[in-house]
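Comments concern the structure below.
Number of protein chains: 2
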Amino acid sequence: MNSKLKQLKEFGIKLTPQRLAILEYLNGNRDHPSAEMIYKAVKEKFPMTSFATVYSTLEVLTKSGVISELKVDPERRRYDPETSPHHHLICTKCRKIVDINAEVSIKIPDYLDREFEIHSRHIEFYGICQNCSKGGANILKR
Amino acid sequence: MNSKLKQLKEFGIKLTPQRLAILEYLNGNRDHPSAEMIYKAVKEKFPMTSFATVYSTLEVLTKSGVISELKVDPERRRYDPETSPHHHLICTKCRKIVDINAEVSIKIPDYLDREFEIHSRHIEFYGICQNCSKGGANILKR
DNA sequence: GTTACTGCAAAGCTTTTGCATCCCT
DNA sequence: AGGGATGCAAAAGCTTTGCAGTAAC
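If you read the sequences in order, they're chains A and B. Letter by letter, the first sequence follows residues 198 to 339 of this note's numbering. Letter by letter, the second sequence follows residues 198 to 339 of this note's numbering.
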């Protein structure tokens, strides 16, 4: 958290209360919230906060590399304080997005490495999360 | 192609000219077009075709399993006549989406298989495509 | 003849933009 | 003090919806 603030200062980015609130809300958050969820949460602390500010802040934070933007959900962007590469499981029952922090080894044919300069990779696993397979309540409809 | 038509008939889905035109345009298409691109292409053949029809057809075709919907591009949905599982490379220069049909082996820790019922997986590779690494023209701006 | 599909237009969501005001540094 | 950040409202882009008319089966 503090290293993130330091990082932002180095970029000459102003630390406004709204931005700090967004960062605080995201810090340690494993729910991959959308801009709207972040907006709602931050608004409770700073009722004056606007949507535009949340969006612009999320863009600034993403571009500074302090948070990352997930493209896992086709409906809306989601944000993640964890910037180191990791994978995700999308529960096909409750639609929850779960971090896969484990070491995953991928083996691709040599010719692919010759054809493309591959810089990074991201795996989406589709399946059933622990909660749902436990016969857990399927609270979320879709 | 014909097997797809057969498949649709079995589902009791009506084969209208618009639907056939969409299917024909998608057949063998490796560009992962968006709904708008499909709309434009189909409109040339059937100028009366509406956006709503394209969207509803794409939904029907996706639900019948005749085409698949890609979530690779966070800006818009893209469609693919290839329904068997394969992976994608997203060129970070020209934004092109390239099929990775090769066999890719993924090894995940045992505990993940215990925690989740994993049904499928999809890898996004990020890198530079052949065209761009050849010093090829970077036609598309973003 | 039925029933599902089409076209049109309007609305719904998420995200972006313009601009005057404000406040972090 | 200065320049970036904020809030508001309006707009833009993708997708969905309602409904009357139409065409596939």
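Glycine included, each C-beta is placed from N, C-alpha and C at the ideal position. None of these values were measured; they are calculated from a predicted model.
Closer than 7 angstroms by C-beta to residue i: which residues in its own chain qualify, once you throw out the five before and the five after it? Chain order, please.
i	result
A/R216	T254
B/P282	S317
B/H319	H284
If we ignore side chains and look at the alpha-carbon of each, how far apart do residue i and residue j end up?
i	j	result
A/T213	A/E272	29 angstroms
B/N298	B/H284	7 angstroms
A/R274	B/S330	29 angstroms
A/V239	A/S302	38 angstroms
A/K201	A/E314	30 angstroms
A/S317	A/L220	26 angstroms
A/L258	A/P306	36 angstroms
A/I210	A/G225	22 angstroms
A/R227	B/F208	41 angstroms
A/Y236	A/E256	14 angstroms
A/Q204	B/A218	53 angstroms
A/N199	B/E312	33 angstroms
B/K260	B/T250	15 angstroms
A/E300	B/K242	50 angstroms
B/K304	A/K304	8 angstroms
B/L223	B/D296	15 angstroms
Below 8 angstroms CB to CB, which residues in the same chain sit around residue i once its five sequence neighbours on both sides are set aside?
i	result
B/V269	H229, R275, H285, I287, I294, E321
B/T280	G262, V263, I264, S265
B/Y252	A232
B/K206	L212
B/L309	I315
Start and end of the alpha helix (DSSP H) containing residue i?
i	result
A/K206	199–207
A/S235	Checking the displayed sequence, the identity of residue 235 of chain A turns out to be Ile instead of Ser. Segment 232–242, the alpha helix (DSSP H) holding A/I235.
A/K260	248–260
Which residue comes first and which comes last in the beta strand (DSSP E) that contains residue i?
i	result
B/V295	294–297
B/S330	B/S330 -> not in any beta strand (DSSP E); alpha helix (DSSP H) instead, spanning 327–330.
B/R274	Note, B/R274: premise wrong, no beta strand (DSSP E); not H, not E.
A/L212	Per DSSP, A/L212 belongs to no beta strand (DSSP E) and is neither H nor E.
A/E266	265–267
Among the residues of its own chain, which have a CB less than 6 angstroms from the CB of residue i, if the five just before and after it don't count?
i	result
B/D277	H229, S265, L267
B/M234	none
Going by DSSP, what residues sit across from residue i in a beta bridge?
i	result
A/S302	B/K304
B/E314	A/I325
A/H319	B/E321
B/I219	Answer is none; B/I219 lacks a bridge partner.
B/C288	B/G324
State yes or no: is the C-beta of residue i nearer than 7 angstroms to some heavy atom of the ligand SAH?
i	result
B/S247	Of the ligands one can find in the structure shown there are none, so the ligand SAH has no counterpart to examine.
Measuring CB atoms only, is the region 264–284 of chain A touching the region 242–250 of chain A, in the sense that at least three cross pairs come out at less than 8 angstroms?
Contact annotation: the region 264–284 of chain A does not touch the region 242–250 of chain A, with fewer than three C-beta pairs closer than 8 angstroms.
Segment contact, 8 angstroms Cβ cut-off, at least three pairs: the region 289–306 of chain A with the region 319–330 of chain A:
Contact holds: three or more Cβ-Cβ distances are below 8 angstroms.
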